[in-house]
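Engineer: Can you keep this structure in mind? I'll have questions shortly.
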Amino acid sequence: MRLQLEDQSVQMEQLRQELDARRDELDQAQRSLSHAKQAGVELSAQVEALHTEKEVLRRSVSEKECELLSVRGLVEEKELQLSQEADKATREIRELQGRLLEKSNQEQSLQQKLLDEQFGILQETVREAEDILRDAMAKLDDPLHVRCTSSPDYLLSRAQAALESVDTLENGHAQYVASMADAAGLVGALALFAHLTADTIVNGSATSHLAPTDHADRLTETCRDCGQRSLDYLGELKDKETLGRAKLGDVRQALRGVLQLAQELRPKSLDIKQEELGDMVEKEMASTSEAIEDAVRRIEEMMSQARNESSGVKLEVNERESADRVVLHTGKYEELIVCSHEIAASTAQLVAASKVKAEKSSRNLGRLQECSRNVNEMAANVVASTKSGQEQIEEKDTMDFSGMSLIKLKKEEMETQVKVLELEKRLEGERVRLGELRKQHYALAGAYDATEDGEAKPAPAPRRGILKKPPLAQKPGHGEPERDAGPNPPDRANF
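Counted from 1, the sequence shown has number 402 at position 402 by UniProt numbering; the numbering is strictly sequential.
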């Protein structure tokens, strides 16, 4: 019984434990159910929210679709408008491209026309420069040009100026090659180069007329070579293919040759030291003053003698003369004119030689120039007075042909023509002789100066160094100068 009770107790305990376990499971199931219900409520709420959101989204999608349709219509309208504008822009672009092409062609045509015009101007300038140089080269073989003379100093200045113009021409040439639309620089430089080079050639020829034979031949050939090389350069400028390759090296070398020969031909007496120049000028001025005072004294004596021995027109002539030989009838009026020219030219040569070494601010040089002007004026007065007196004292033959027959008139005319031709031939011969005399004088003067330098004198004599006898000079001022065998004026050719 007890065992049964114990078994029942055990069973009851087991059942109680099982009941507790079931109760726990039930509580757990209830809690799970509660949680499930709560989760279901939450899910229902979420589903409801999702439904609400879905409805909102649906309405939003519907609105967006309406907007999309509206925007699509606007886009299609814009696309149509843009298409029309693109077509219009395309047409305008084509039209503008056509106009641009036309303008470009027109611009190219104008540019080519400008280049052609500039090249044409250059060609005209080149032809003119060639004519100038050929004319200068023709002087080298012109027999009439033998009367013209020049000095090495003036030739030196012309050759130096021509060399400087070569540099200017080279720069102008480079600018034109870089930009052929502007030939102004090259044209101006060509004109200057042609004139200065031609001037150098002409003065080189004139200088050779007084130079020793060897130097004269070399100078003439160098001038001829300078002209030919200049013509070769100008010839290259006439062709567009050779224009860019034209060089001035040969021209520059030829001008330097002329420059060197001019240096060699300069009288040694011109190489005076600076400290000696002032003393030489003072001595020369003192010597000139003494000569003038002596001439005034002699003129006064001769005029007194002429007044005592002459009257009337002859007295008036003697009053205006200043040379004893003419007054005493032992000389010619032409001799007095020539001597006056010699005095003026010698004075001018003294001034030119002084300018080589003297300072620009030298007072002595200014005084010398003032005295030179006075001497030139007095020499001109002498020439004018000589001509006036000559006209008054010479008897004029009246030409009365009224009593001559036609045959005799024709005979006299032919005889006069023969006499004129004879005189012209004689005049030409005398001019050639004068040119040879000048050459010999120039050579002897150079040899004399070299001898003086070899003797090592303390200072060269002014009258032998600077005042060598030059070719005949012309009268400065007071009307038309008297022509002689050397027509060049003292300021350019006879220093």
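Note that beta-carbon positions come from the ideal geometry of N, C-alpha and C, so glycine has one too.
All values reported here derive from a predicted model rather than from experimental measurement.
Thr-149 and Ala-211 - do their beta-carbons sit closer together than 7 Å?
Structural biologist: Contact: no.
Engineer: Do Ser-162 and Thr-197 have their C-beta atoms closer together than 7 Å?
Structural biologist: Strictly speaking, residue 162 in this sequence is Ala, with Ser absent from that position. Result yes, Cβ atoms of Ala-162 and Thr-197 sit closer than 7 Å.
Engineer: Let me make sure I understand the geometry here. Which of Ala-194, Leu-259, Thr-220 has the alpha-carbon closest to that of Tyr-233?
Structural biologist: Among Ala-194, Leu-259, Thr-220, the Cα nearest to that of Tyr-233 is on Ala-194.
Engineer: Helix, strand or coil for Arg-363, going by three-state DSSP, please let me know.
Structural biologist: Note: Arg-363 maps to helix in three-state DSSP.
Engineer: Count the other CB atoms, across all protein chains shown, that sit within 10 Å of the CB of Ile-93; report buried if there are 16 or more and exposed otherwise.
Structural biologist: With fewer than 16 Cβ atoms within 10 Å of its Cβ, Ile-93 is classed as exposed.
Engineer: Helix, strand or coil for His-209, going by three-state DSSP, please let me know.
Structural biologist: In the structure shown, His-209 sits in coil (DSSP, three-state: anything other than H, G, I, E or B).
Engineer: Measure the CB-CB distance between Gly-158 and Thr-222 and report whether it falls below 7 Å.
Structural biologist: The question names Gly, yet the displayed sequence has Arg at residue 158. Contact flag unset, no.
Engineer: Check each candidate in Glu-359, Met-414, Met-180, Arg-367 and name the one with the smallest Cα separation from Thr-347.
Structural biologist: It is Arg-367.
Engineer: Quick one: what does DSSP say Asn-318 is sitting in, helix, strand or coil?
Structural biologist: Low confidence applies here, because Asn-318 scores a pLDDT of 45, under 50, leaving its location unreliable and the question unanswered by this model.
Engineer: Rounded to whole angstroms, what's the CA-CA distance from Leu-259 to Leu-190? Just pull it up for me.
Structural biologist: If I take the Cα positions, the gap works out to 20 Å.
Engineer: Report yes if the CB atom of Leu-237 is closer than 7 Å to the CB atom of Leu-231, and no otherwise.
Structural biologist: Not in contact: Leu-237 and Leu-231 (Cβ atoms no closer than 7 Å).
Engineer: With the cut-off set at 7 Å, would you say Leu-140 and Ser-165 are in Cβ contact?
Structural biologist: Against a cut-off of 7 Å, the Cβ pair of Ser-165 and Leu-140 comes out as no contact.
Engineer: May I have the straight-line CA-CA distance separating Gln-17 from Glu-55, to the nearest angstrom?
Structural biologist: Answer to the nearest angstrom: the Cα atoms are 55 Å apart.
Engineer: Beta-carbon separation of His-209 and Gly-429 under 7 Å?
Structural biologist: It is not a contact, given that the beta carbons lie outside the stated cut-off.
Engineer: With a threshold of 16 other CB atoms inside 10 Å of the CB of Leu-50, please say whether the residue is buried or exposed.
Structural biologist: Classification for Leu-50: exposed.
Engineer: On the criterion of 16 or more Cβ atoms from any shown chain inside 10 Å, does Asp-135 qualify as buried, or is it exposed?
Structural biologist: That one is exposed.
Engineer: Could you give the distance in angstroms between the alpha-carbon of Leu-437 and the alpha-carbon of Asp-239?
Structural biologist: The straight-line gap from Cα to Cα measures roughly 48 Å.
Engineer: Given a cut-off of 7 Å on the beta-carbon distance, is the pair Ile-121 and Ala-183 in contact?
Structural biologist: In contact: Ile-121 and Ala-183 (Cβ atoms closer than 7 Å).
Engineer: Determine the DSSP secondary structure at Asp-182, reduced to helix, strand or coil.
Structural biologist: Here Asp-182 sits in coil by DSSP.
Engineer: Cα separation between Glu-128 and Leu-421?
Structural biologist: Cα to Cα, Glu-128 sits roughly 37 Å from Leu-421.
Engineer: Using 8 Å for Cβ pairs, my map puts Thr-416 next to Ile-337. What's the rounded Cβ distance?
Structural biologist: That pair is no contact at about 26 Å.
Engineer: Just the Cα atoms here: how many angstroms apart are Arg-224 and Ser-304?
Structural biologist: Rounded to the nearest angstrom, the two C-alpha atoms are 58 Å apart.
Engineer: Mapping DSSP to helix, strand and coil, what is Glu-455?
Structural biologist: Any answer about Glu-455 is weak, because its pLDDT of 48 lies below 50 and its placement is not dependable; what the coordinates show is given next. Looking at Glu-455 - three-state DSSP - the assignment turns out to be coil, as it is neither helix nor strand.
Engineer: Between Leu-406 and Glu-413, what straight-line distance do the alpha-carbon atoms span, to the nearest angstrom?
Structural biologist: One C-alpha to the other measures close to 10 Å.
Engineer: Is it buried or exposed, Leu-5, if we count other Cβ atoms within 10 angstroms and call 16 or more buried?
Structural biologist: Counting Cβ neighbours within 10 Å, Leu-5 comes out exposed, since fewer than 16 surround it.
Engineer: Would the stretch 339-346 and the stretch 369-383 be scored as touching if the rule is three or more Cβ pairs under 8 Å?
Structural biologist: As far as the Cβ criterion goes, the stretch 339-346 touches the stretch 369-383, which means the pair count is three or higher.
Engineer: Please go through the same chain and pick out, in chain order, the residues whose beta-carbon is closer than 8 Å to the beta-carbon of Leu-248, but skip the five residues on each side of it.
Structural biologist: Excluding residues within five positions, the ones whose Cβ falls inside 8 Å are Val-166, Leu-169, Glu-170, His-173, Tyr-233.
Engineer: Could you give the distance in angstroms between the alpha-carbon of Gln-84 and the alpha-carbon of Val-61?
Structural biologist: So the two alpha carbons sit approximately 33 Å from each other.
Engineer: Taking 6 Å as the limit between beta carbons, can you name the residues of its chain near Val-375, skipping five residues before and five after?
Structural biologist: So the list reads Thr-347, once near-sequence residues are dropped.
Engineer: Measuring only the C-alpha atoms, how far is Asn-494 from Arg-229?
Structural biologist: Bear in mind that a pLDDT of 36 at Asn-494, under 50, signals an unreliable position, so the number given afterwards is only what the model happens to contain. Taking the straight line joining both Cα atoms gives about 29 Å.
Engineer: Is the beta carbon of Leu-255 less than 7 Å from the beta carbon of Pro-152?
Structural biologist: For Leu-255 and Pro-152, no; Cβs fall outside 7 Å.
Engineer: Which residue's Cα is closest to the Cα of Gly-235: Ala-45, His-145, Thr-125?
Structural biologist: It is Thr-125 whose Cα lies nearest to the Cα of Gly-235.
Engineer: What residue from Ser-109, Lys-113, Val-202, Ala-21 has the CA that sits closest to Leu-144's CA?
Structural biologist: Of the candidates Ser-109, Lys-113, Val-202, Ala-21, the one whose C-alpha sits nearest the C-alpha of Leu-144 is Val-202.
Engineer: Once the 5 residues before and after Ala-443 are set aside, which same chain residues still bring their CB inside 7 Å of it?
Structural biologist: Closer than 7 Å at Cβ, skipping near neighbours: Pro-212.
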